[in-house]
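As structure tokens, the structure follows; a few thoughts come after it.
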Amino acid sequence: LGREAIKMIHSLRAGIELNNNHRAANTRLINAQEISYSNNVIFPRLVTPFNLIFKKPFPAVESFLNTNIAISKRLDLFNTQAFNLNYGFNVLDKRGWRWTFKPINIEFNYLYNQTDSFNRILDSIPFLRYSYNTALITGMSGGLTITYRNPKHLRSLARERTIKLNVEESGLTWGALVPAFKKYRRRYVRADAEYKYTVTYKETELAFRLFSGVGIAVGNDTTLPFFKQYFSGGSNGMRAWPIRGIGRGSQKLVPFGQNVFNDRTADMQLEANAEYRYIIARIIPNTLTLRGAVFVDAGNIWNLRNSRPDGSVDSAQFKFKNIYKELGVAAGTGFRLDFNYFVLRLDLGFRFKRPELSNINNGWKAPEIGFDDILPKLFGRKPEYRQWRYENFNFTIGISYPF
Numbered sequence: 096l097g098r099e100a101i102k103m104i105h106s107l108r109a110g111i112e113l114n115n116n117h118r119a120a121n122t123r124l125i126n127a128q129e130i131s132y133s134n135n136v137i138f139p140r141l142v143t144p145f146n147l148i149f150k151k152p153f154p155a156v157e158s159f160l161n162t163n164i165a166i167s168k169r170l171d172l173f174n175t176q177a178f179n180l181n182y183g184f185n186v187l188d189k190r191g192w193r194w195t196f197k198p199i200n201i202e203f204n205y206l207y208n209q210t211d212s213f214n215r216i217l218d219s220i221p222f223l224r225y226s227y228n229t230a231l232i233t234g235m236s237g238g239l240t241i242t243y244r245n246p247k248h249l250r251s252l253a254r255e256r257t258i259k260l261n262v263e264e265s266g267l268t269w270g271a272l273v274p275a276f277k278k279y280r281r282r283y284v285r286a287d288a289e290y291k292y293t294v295t296y297k298e299t300e301l302a303f304r305l306f307s308g309v310g311i312a313v314g315n316d317t318t319l320p321f322f323k324q325y326f327s328g329g330s331n332g333m334r335a336w337p338i339r340g341i342g343r344g345s346q347k348l349v350p351f352g353q354n355v356f357n358d359r360t361a362d363m364q365l366e367a368n369a370e371y372r373y374i375i376a377r378i379i380p381n382t383l384t385l386r387g388a389v390f391v392d393a394g395n396i397w398n399l400r401n402s403r404p405d406g407s408v409d410s411a412q413f414k415f416k417n418i419y420k421e422l423g424v425a426a427g428t429g430f431r432l433d434f435n436y437f438v439l440r441l442d443l444g445f446r447f448k449r450p451e452l453s454n455i456n457n458g459w460k461a462p463e464i465g466f467d468d469i470l471p472k473l474f475g476r477k478p479e480y481r482q483w484r485y486e487n488f489n490f491t492i493g494i495s496y497p498f
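If you read the sequence shown in the numbering used here, its first letter stands for residue 96, the second for the next number, and so on.
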């Protein structure tokens, strides 16, 4: 565009979320539907309203203007419409560190069409009532990505380390000066840190990941808005639990077969993952490869504040002394269909340490399964087999590697 190598990228995305407990709870198979459109404009230079001139201080600088519109339907619960607008810069310095700064970050998430059953849940849990509300984000954010690789001549044993740091705020800088929409404006600070380490030897790979994140509500706000809270489970974290299915803290599972709102999100997350990857077979040379993996996941999410109206002990609140007891631990195996351009991933995760059982042997409880009943427990349709899977096992499908 404009004879300046300006890029404009349009993206259209649609997705559904499935409910693996729909038979027992007599609910829909599809939990949620989402469709979104995004437009990204990237300038190969620094674009600001000020006369800032740099004499090539960095190897690469680019500016961007991103907009995104999304519509989501949580069937039988609520709908959301979201609009995001952000403007900022990407800078690659001489060390190869990549900096991102967004001086303008605006997000508006409109919650509507709440069902009566969903409103009753919110009325009974004030923490959720404040989280699940229409919210306006006005602030800034920034991030840093550092990648270290071993020298190119060491081809037999390749190592790569990546560190990612992100910080964002809302309503504390220029966002505090916006006079409109005070009813919906949210104030918070949120910070994440992620470390990934990968070792590749010939046709095998060993990958590790550490993640921590925390969000602190400021002023009269008591928690982060729901679309900014942390969650785990699903195909990219704590794979033995369904998405948003683990935590908060040592909260109990919803009884098997009950049709209730069971999303678990919070203001803090800790997680560690390890995965060993190997080749099983080259189905079509240079086109399709079947790969295998074994993995271990550990982590959980917590609230920072006591969410109980009476101030009694809150099993969802983070306390340092309870970290070990309330960590979930899982192990499993998986298969990857590597098409070179993308990877289709299937993972089977088993829970070995369950946070809701933290008062019994610190939550350690191996799944009761043997060679004689492995098939019926994993695939059987009887209620007892479904309940066993609900409490011990999860199967996920994902695109690309989890980390």
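The C-beta atom is built at its ideal place from N, Cα and C for all residues, glycine as well.
Remember, it's a predicted structure, so these values are computed and weren't measured experimentally.
If we ignore side chains and look at the alpha-carbon of each, how far apart do residue i and residue j end up?
i, j, result
"Gln456", "Lys420", "The question names Gln, yet the displayed sequence has Asn at residue 456. Approximately 9 angstroms between the Cα atoms of the pair."
"Arg440", "Gly429", "7 angstroms"
"Gly314", "Leu272", "15 angstroms"
"Phe445", "Pro337", "12 angstroms"
"Glu112", "Lys189", "43 angstroms"
"Ile492", "Val156", "37 angstroms"
"Leu217", "Ser236", "30 angstroms"
"Ile199", "Leu252", "42 angstroms"
"Glu486", "Phe474", "14 angstroms"
"Arg377", "Val438", "14 angstroms"
"Leu452", "Val294", "35 angstroms"
"Ile469", "Pro462", "11 angstroms"
"Asp467", "Arg481", "17 angstroms"
"Tyr182", "Arg285", "19 angstroms"
"Trp483", "Lys477", "10 angstroms"
"Gln353", "Glu255", "45 angstroms"
"Leu365", "Thr242", "22 angstroms"
"Asn347", "Arg123", "Reading the sequence as shown, one finds Lys at residue 347 and not Asn. Looking at the two C-alpha atoms, the distance is approximately 23 angstroms."
"Trp459", "Asp358", "24 angstroms"
"Arg140", "Ile311", "34 angstroms"
"Ser219", "Val349", "15 angstroms"
"Ile101", "Ser212", "49 angstroms"
"Leu301", "Ala367", "14 angstroms"
"Leu223", "Ile494", "31 angstroms"
"Tyr132", "His105", "7 angstroms"
"Thr143", "Lys197", "12 angstroms"
Are there 16 or more other CB atoms within 10 angstroms of the CB of residue i, so buried, or fewer, so exposed?
i, result
"Asp442", "buried"
"Asp405", "exposed"
"Asp362", "buried"
"Tyr436", "exposed"
"Pro274", "exposed"
"Thr175", "buried"
"Phe276", "exposed"
"Arg108", "exposed"
"Met333", "buried"
"Tyr225", "buried"
"Asn208", "exposed"
"Lys323", "buried"
"Gly270", "buried"
"Asn454", "exposed"
"Asn489", "buried"
Give a yes or no on whether the C-beta atoms belonging to residue i and residue j are separated by under 8 angstroms.
i, j, result
"Ala426", "Val391", "yes"
"Gly423", "Lys448", "yes"
"Pro450", "Asn395", "yes"
"Glu289", "Phe306", "yes"
"Ser158", "Ala127", "no"
"Leu319", "Leu385", "no"
"Ser327", "Ser410", "no"
"Gly238", "Lys259", "yes"
"Leu170", "Phe356", "no"
"Arg400", "Thr317", "yes"
"Glu202", "Asn179", "yes"
"Asn398", "Arg343", "yes"
"Glu479", "Ile374", "no"
"Leu187", "Pro154", "yes"
"Phe413", "Thr360", "no"
"Asp287", "Asn245", "no"
"Phe434", "Leu383", "yes"
For residue i and residue j, which I take to be in contact (beta-carbon distance under 8 angstroms), what is that distance rounded to the nearest angstrom?
i, j, result
"Thr257", "Lys291", "4 angstroms"
"Tyr325", "Gly308", "5 angstroms"
"Asn214", "Ala177", "Rounded, the Cβ-Cβ distance is 21 angstroms, inconsistent with contact."
"Ala393", "Arg372", "Between Arg372 and Ala393 the Cβ distance is about 19 angstroms, and since that is not below 8 angstroms, they are no contact."
"Ser330", "Pro221", "About 32 angstroms; that fails the 8 angstroms criterion."
Q. Is it a yes or a no for the region 186 to 194 touching the region 225 to 232, going by three-plus beta-carbon pairs under 8 angstroms?
A. no
Q: Determine contact between the region 156 to 165 and the region 120 to 137, defined as no fewer than three beta-carbon pairs at a distance below 8 angstroms.
A: yes
**Q.** the region 280 to 299 in contact with the region 252 to 271 per 3-pair CB rule at 8 angstroms
**A.** yes
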